[in-house]
Amino acid sequence: MASDNLNDQLYATNLAISDTINNSRDPQIALDHLDTWIPFLQNSNIAALTAIGSDLQQLRDYVRSGDKANTHELLQRLGEQTSRAASNIHTWAGDHLHNGIGDQLRHLGQLLVIVAGNVKASL
Numbered sequence: 074m075a076s077d078n079l080n081d082q083l084y085a086t087n088l089a090i091s092d093t094i095n096n097s098r099d100p101q102i103a104l105d106h107l108d109t110w111i112p113f114l115q116n117s118n119i120a121a122l123t124a125i126g127s128d129l130q131q132l133r134d135y136v137r138s139g140d141k142a143n144t145h146e147l148l149q150r151l152g153e154q155t156s157r158a159a160s161n162i163h164t165w166a167g168d169h170l171h172n173g174i175g176d177q178l179r180h181l182g183q184l185l186v187i188v189a190g191n192v193k194a195s196l
């Protein structure tokens, strides 16, 4: 993915997850965005990205099977990992208010932790 396209994908994913959280919408909308990331990450030449792709595949399976305990644990871990990975990324792209890829990743990490908390509260 080119930098602009990557930033746009991150922005769309963040919006879908935020909308799901704030409006109690069907999580399938957010999962559809995550589905676009799985092949991109799994086909990466970077081991950390391929591992995240595998985690997203597992997350999708947990959500579809209704396994809330494992969904919570994996979302929490992914959120923390995403936030840590974003801490050193300062690439700017796109036309969004917080348009840096690092900013988008930090936001994604925060959203994943929020969703993890929501899942835990529903256990």
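Taking our numbering, I'd label the letters of the sequence shown as residues 74 to 196. Where is the CB? At the ideal position from N, CA and C, for every residue including glycine.
If I follow the unbroken alpha helix (DSSP H) through residue i, where does it start and stop?
i, result
"residue 102", "101-115"
"residue 125", "120-138"
If you drop the 5 nearest sequence neighbours on each side, which residues of the same chain put their C-beta closer than 7 Å to that of residue i?
i, result
"residue 111", "126, 129 and 130"
"residue 85", "106"
"residue 142", "196"
"residue 109", "82"
Could you pull out every residue in the same chain whose Cβ sits closer than 8 Å to the Cβ of residue i, ignoring the five residues on either side in sequence?
i, result
"residue 102", "89, 92 and 93"
"residue 186", "148, 149, 152, 153 and 156"
Leaving out five residues on either side along the sequence, give the residues of the same chain with a beta carbon under 6 Å from the beta carbon of residue i.
i, result
"residue 188", "148"
"residue 96", "none"
"residue 132", "147"
Rounded to the nearest angstrom, what separates residue i and residue j at their Cα positions?
i, j, result
"residue 156", "residue 124", "16 Å"
"residue 82", "residue 159", "15 Å"
"residue 191", "residue 117", "31 Å"
"residue 78", "residue 122", "17 Å"
"residue 104", "residue 120", "23 Å"
"residue 135", "residue 184", "18 Å"
"residue 99", "residue 161", "33 Å"
When DSSP labels each residue in this structure, what does residue i get in the three-state scheme?
i, result
"residue 190", "helix"
Can you say whether residue i is buried or exposed, counting buried as having 16 or more other CB atoms within 10 angstroms of its CB?
i, result
"residue 87", "buried"
"residue 144", "buried"
"residue 152", "buried"
"residue 182", "buried"
"residue 137", "exposed"
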